[in-house]
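In UniProt numbering, the protein residues as written are 1 to 408. In this text, a Cβ means the ideal position worked out from N, Cα and C, and glycines have one as well. Below is one structure, written out as structure tokens, with a few remarks after it.
Here it is as structure tokens:
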């Protein structure tokens with residue numbers, strides 16, 4: 001590997017690992033739900049309200065942070081937001097007050113919201129527009145999600161909810177990784193990035209909004225499953241907490257396979273086409289999760305994970321290429337807002353589950369990826385980062401990372 005490749009891949013690797021440390025806390029909130037139900041006797045609606053707390057404020061402030069990163073250089077946000085995200089979750093198990101739990105989880109959500117827009121912009125700068133590199137950055141977040149239930153189970157199952165302060169450790173490690181990555185990334189300002197990206201074409205808001213609508217559908221499905229899949233699989237299989245944790249881990253861990261597969265498939269068939277196929281697969285997989293009885297439900301959980309995660313990094317690069325002049329905003333929406341907004345639906349799912357059953361409450365999730373697929377109909381492949389408009393087989397940046405940034 002050449003010195004040039006090492007200088008480019010090093011920051012991306014550190015950013016990817018830092019992303020994993022941050023997204024542990026997105027996955028940890030859902031992983032804590034079964035413990036809140038068992039230790040504090042929360043109803044489904046009350047438990048899902050905690051997921052809502054992590055998502056609501058995050059959803060509101062996410063576009064604000066995206067706009068800020070488009071206008072100013074705020075790289076200090078990366079380590080600060082990482083620690084904030086971890087501290088909120090770490091305090092969630094301290095004390096028995098439901099209001100305090102909601103408050104600290106909401107603070108964690110703000111930390112996560114502050115992290116993603118700037119992290120996506122810095123990762124794009126560090127990778128010089130390489131879709132493959134952005135895939136590795138996204139993979140870090142997926143691995144963080146996957147590690148969350150295992151980490152939470154190891155800590156809380158051993159020491160109870162009051163052991164939750166130990167969950168701050170990944171945040172401290174992530175802050176160190178962010179600082180190390182920022183030291184090795186060039187100091188181009190957001191304004192310079194936007195000026196250079198202007199050569200790639202105008203912002204395509206209609207396509208971006210359709211993509212964002214599809215991601216919202218994906219988000220509701222993902223958050224709904226991640227919030228209740230552990231409890232649901234325990235009901236369907238008659239297993240204990242270990243089976244539920246395994247199901248949640250499968251849902252998250254499939255992201256690692258899905259993200260890598262998504263990049264390879266997009267290189268061959270084009271991002272838009274692969275995203276469309278993924279939403280179709282998700283319809284069938286979620287139907288299997290809801291309707292197929294017995295242990296085989298885990299197979300459909302794995303398929304649902306693949307369908308939900310294959311387009312994950314493709315959403316980010318597509319959004320950035322649809323809005324080449326507003327990369328921070330695009331990252332904040334595709335990587336943050338439309339992902340966290342799924343948590344807004346959790347209390348409704350929980351309320352229906354309390355009134356009927358979990359199976360009935362999860363059944364509407366089958367229709368959402370179908371709606372997302374409809375929104376993606378006829379979507380065109382955007383131009384490449386810093387270059388001419390891409391063909392349908394392009395991946396949003398040179399695979400070797402040598403795409404020109406446009407800043408000269």
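Endpoints, the alpha helix (DSSP H) within which residue 227 is located: If you look at residue 227, you'll find it in the alpha helix (DSSP H) that goes 205-237.
CA nearest to the CA of residue 230, picked from 265, 360, 301: 301
Cβ pair residue 122, residue 61 closer than 8 Å: no
Segments assigned beta strand (DSSP E), at least 3 residues, entirely inside the region 296-356: none
Close-in-space but distant-in-sequence residues of the same chain around residue 195 (CB under 6 Å, 5 per side omitted): Because residue 195 carries a pLDDT of 45, less than 50, the predicted location of this residue cannot be relied on, and the following value inherits that uncertainty. There are no such residues.
Simplified DSSP assignment, three categories, for residue 158: helix
Whether residue 305 touches residue 251 by CB criterion (8 Å): yes
Through-space distance from residue 288 to residue 58, alpha-carbon basis: 31 Å
Spatial distance of residue 145 from residue 45 (CA atoms): Those two C-alpha atoms are separated by around 23 Å.
Residue 275 and residue 311 closer than 8 Å at C-beta: With contacts defined as CB atoms closer than 8 Å, residue 275 and residue 311 qualify as a contacting pair.
Element boundaries [alpha helix (DSSP H), containing residue 110]: 98-127
Nearest neighbour of residue 179, chosen from 259, 210, 282, 14 [CA to CA]: 14
For residue 25, the three-state DSSP class (helix, strand or coil): helix
Whole-number beta carbon distance between residue 25 and residue 85, since they are thought to touch under 8 Å: 5 Å
Alpha-carbon spacing of residue 262 relative to residue 335, whole angstroms: 16 Å
Closest residue to residue 323 among 19, 209, 50 (Cα-Cα distance): Distance check between residue 323 and each of 19, 209, 50 places 209 closest, using alpha-carbon atoms only.
Enclosing alpha helix (DSSP H) for residue 255 [first to last residue]: 241-269
Close-in-space but distant-in-sequence residues of the same chain around residue 110 (CB under 7 Å, 5 per side omitted): The residues 57, 58, 61, 84, in chain order, have a CB closer than 7 Å to that of residue 110 in the same chain once the five nearest residues on each side in sequence are set aside.
Chain-order list of residues whose beta-carbon lies under 7 Å from that of residue 244 (same chain, five-residue window excluded): 34, 230, 231, 233, 234
Per-residue DSSP class, three states only, for residue 94: DSSP places residue 94 in the coil class of the three-state scheme, outside both helix and strand.
Reduced DSSP secondary structure (H/G/I, E/B, other) of residue 42: In the structure shown, residue 42 sits in coil (DSSP, three-state: anything other than H, G, I, E or B).
Buried/exposed call for residue 294, threshold 16 Cβ in 10 Å: exposed
C-alpha gap between residue 222 and residue 342, whole angstroms: About 7 Å.
Residues near residue 203 in its chain [Cβ-Cβ closer than 8 Å; skip 5 each side]: 322, 323, 324, 325, 326
Proximity to residue 29 [Cα-Cα], best of 137, 292, 160, 227: 227
Residue span of the alpha helix (DSSP H) that contains residue 183, given as start and end: 169-183
Straight-line Cα distance separating residue 378 from residue 149: 38 Å
Residue environment, residue 356, which counts as buried when at least 16 other CB atoms sit within 10 Å: exposed
Given residue 40 as reference, the closest of 281, 17, 366, 95 once Cα atoms are compared: 95
Inter-residue spacing [alpha-carbon to alpha-carbon] between residue 256 and residue 142: 6 Å
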